[in-house]
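Remarks on the structure that follows.
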Ligand SMILES: [Zn+2]
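In the UniProt record's numbering, the protein residues as written are 1 to 356.
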C-alpha cells in the first residue's frame, strides 16, 4: 500500500506491506487521519520519545526505530475485511473509530507509534474489532477523526474538576487547547480565557467558546484573569468571594519554559493542568510553587469511555469540531505539511485523506 513512512529519521512517501488482520482484527481503509503535535515531536526526537515511553513503563509503545513506522493515531476507517474468528458486528463499508490501540498475538501496541501496526498515514490499517466504535449520524470521516484529539482535551477538563471559584486560563490554542476550550464550554464553565500569539487561532478559540482571548505578547492572560476576577470599580475592595478566585491553568503548548511561565504567571492558590506534551526537560523553581501554594497535575490521554462519549457528542452536534479542520491533504503532501506545521500559523487540524 501507499503510506508516509518514517524511515531512517525521515518521512517519505513509499510502499509499506499491506496489513493483514489476525484473529479478532479488522482491515480498514483509512478515510481520514489527523496530524498531531506528538507526530512532529516523534519525527524530531524519535529516540528520546521512545526512551521516555519506556522509562514511563508504557510497553505498548516499544518500537524498533530501525524498522519502518507509519504514524497517525487520530483516524477514522472504513471496514473492509475481517480476520479469523471475528464477530462481524459491523458490515463492510461502515465507518469506524477506535482507540489507537491494537491487541494482537504480541500484546497491545499503540497504533501510530508501532513498527508492527501501521497508523493512519497509510491507505490501510488493522484495528481490533472489540475496540471499534461505529461513526454515528452520517458524520463525515474528517470530523470523526477528531475524536482522539478532542478526547485529550475532554479528559484534561474532566480530571481538572473545575470549581466555581476557578477561572480557566487556556495557554496555547492549537488543537489541544481548542479541545480544552470546547470541553470547558460544553460543561458551561465561564468565563474562559484563552491565549495564543496567532490571531487565527485566537479567532478559532472564540468560535469554540472562549469568552476572552489574549495575545500573550501584548497582555498576560493571567493578569486578564485577575481583572475579570476583580472587575473595574472593585479595585482594592476585596470581598471574600473575589479573594478566593484562583486560576485553573491549562498548559497546552508543550515547549520548554512553559511550566515555569505558568507558575510565574499564576495567581495564589492556582492549579496548573499540563496537557501540552513537552519532551525536553523543563526546569521549574519549586519555591515559587510553594510561595503561591500551586498545584501541578499532568493529564494522560483519556479513558475508553471518554473516547466513546466524545465521538457520540461530536455525532450529536454537541461538540462542533468542523471549525478545527483547517486543511485536508493527500499522502504526497504530508512531508511538507509536517514542515509547515512546525510554525503552524493559521492551521489547527490538518487532516490526511490517503485516497485523495
Ligand atoms: Zn495526538
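Ideal placement from N, C-alpha and C gives every residue a C-beta, glycine not left out. These numbers come from a predicted model, not from an experiment.
Tell me the residue span of the beta strand (DSSP E) that contains residue 168.
166 to 171
Boundaries (first-last residue) of the alpha helix (DSSP H) holding residue 319:
That residue, residue 319, is in no alpha helix (DSSP H); it is neither H nor E in DSSP.
Note the first and the last residue of the continuous beta strand (DSSP E) segment covering residue 25.
25 to 34
Where does residue 218 sit, in a helix, a strand or coil, going by DSSP?
coil
Nearest to residue 263 (by Cα), restricted to the options 278, 276, 247 and 277:
247
Evaluate contact between the region 147 to 161 and the region 173 to 186, counting only Cβ atoms and requiring at least three cross-stretch pairs below 8 Å.
yes
Nearest-angstrom Cα separation, counted from residue 211 out to residue 190
7 Å
Hey, how far is the Cα of residue 272 from the Cα of residue 313?
26 Å
Which of helix, strand or coil does DSSP assign to residue 62?
coil
Looking at C-alpha atoms only, which residue of 201, 315, 320 and 351 is the closest neighbour of residue 332?
351
So, helix, strand or coil for residue 187, using DSSP?
coil
For the alpha helix (DSSP H) containing residue 49, name the first residue and the last one.
46 to 55
For the region 127 to 161, which segments carrying the alpha helix (DSSP H) assignment without a break, of at least 4 residues, lie completely within its bounds, in sequence order?
141 to 144 and 147 to 160
Give, in chain order, every unbroken run of the beta strand (DSSP E) that is at least 3 residues long and sits entirely within the region 279 to 336.
295 to 298 and 325 to 329
Rounded C-beta distance between residue 290 and residue 49? I'm assuming under 8 Å.
With a Cβ gap of about 32 Å, residue 290 and residue 49 do not count as contacting.
Can you tell me whether residue 18 is buried or exposed? The criterion is at least 16 other CB atoms within 10 Å of its CB, across all chains shown.
exposed
Would you report the Cα separation of residue 144 and residue 29, rounded to the nearest angstrom?
14 Å
State the DSSP-derived secondary structure class of residue 343, mapped to helix, strand or coil.
coil
Quick one: does residue 58 have its CB under 8 Å from some CB of chain D?
Included in the structure is just one protein chain, with no chain D present.
Roughly how many angstroms separate the alpha carbons of residue 238 and residue 284, rounded to a whole number?
In this prediction, residue 238 scores a pLDDT of 45, lower than 50, which makes its location untrustworthy; no coordinate-derived value is stated.
Mapping the DSSP letters down to three states, classify residue 237 as helix, strand or coil.
Unreliable positioning characterises residue 237 in this predicted model, as indicated by a pLDDT of 44, which lies under 50. The coordinate reading is nonetheless provided below. Residue state, collapsed to three classes: coil.
With a threshold of 16 other CB atoms inside 10 Å of the CB of residue 192, please say whether the residue is buried or exposed.
buried
Identity of the residues DSSP links to residue 356 by a beta bridge:
DSSP lists no partner for residue 356.
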